[in-house]
Amino acid sequence: MLSQHQQTPLKKVLLTVGLFLLSATWVFAQNGDVRTINIYGTNQMKYTVTQQSSKLETGKQAKGNMEGDQWILHAIHAKAGEKLKIVLHNNTNLPASAMSHNWVLLKKGTSPKKFANSSSGSKDNGYINPDMENKVLHKTDMVSGGNTDSVTFTVPEKKGKYDYLCTFPGHYLSGMKGQLIVE
Ligand SMILES: [Cu+2]
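Here the working numbering = 1-based position in the sequence shown + 940.
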């Protein structure tokens, strides 16, 4: 058993450590509210990421238009009500008319193929069919080479799979698509 003069410093240390952890948790909660996911649109018309994570479903190592490792992104896992920030990058040297990308998250149950097909003629509306705009939950703007755009949103409360895609003509069919999986 500890004597009185040994207990006091131990208690102080524990209290100090406890307060530190409490404040660290608080700071994390304040700054860590929003999970940022950097996504790259490539000339091969794929969404890629430069970091792998248990919350991202990635596939093959991808060819990108930049240095370093990239993996094709297939799905993003998220918790209902979580805040996500999607940052879409386009590092292409090709002109905007040839290689732009967006990231469009659709309402649950919306066919991404139908959305892509019906949007290919809507250039003046960022390749979003105005008649189907009510099927969009969240989206970035169309991003040309050297630019980025981001969208921050709260993940839907309803669990399940939500499709996202790039609506630039031909990109969905080339595999520029994925799913937000809400758990
Ligand atoms: Cu694209």
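Even for Gly, the Cβ is constructed at its ideal location relative to N, Cα and C.
Following the DSSP letters along the chain, one finds K1079 inside the beta strand (DSSP E) bounded by residues V1076 to K1079.
Judged by DSSP in its simplified three-state form, S1114 adopts coil rather than helix or strand. Short note on H1111: C-beta closer than 7 Å to some heavy atom of ligand 1.
Closer than 7 Å to some heavy atom of ligand 1: that does not describe the Cβ of G1118. In terms of CA proximity to V1044, V1091 leads the group N1057, T988, V1091 and G1100.
Secondary structure of N1057 (DSSP, three-state): helix.
Counting of Cβ neighbours within 10 angstroms places S1037 among the exposed residues, the total staying below 16. Linking L1120 to G1085 through their CA atoms gives a straight-line distance of about 25 Å.
DSSP places N978 inside the beta strand (DSSP E), whose first and last residues are V974 to G981. Selection P1096, R975, S1040 and Q1001 evaluated against G1021 yields P1096 as nearest (Cα-Cα).
A check of alpha carbon separations from T1094 across K1025, I1016 and Q1001 identifies K1025 as the nearest.
Straight-line spacing of the CA atoms in I1016 and K1098 works out to 15 Å. In the pairwise beta carbon analysis, the segment 1060–1077 is classified as touching the segment 1099–1112: at least three pairs are separated by under 8 Å.
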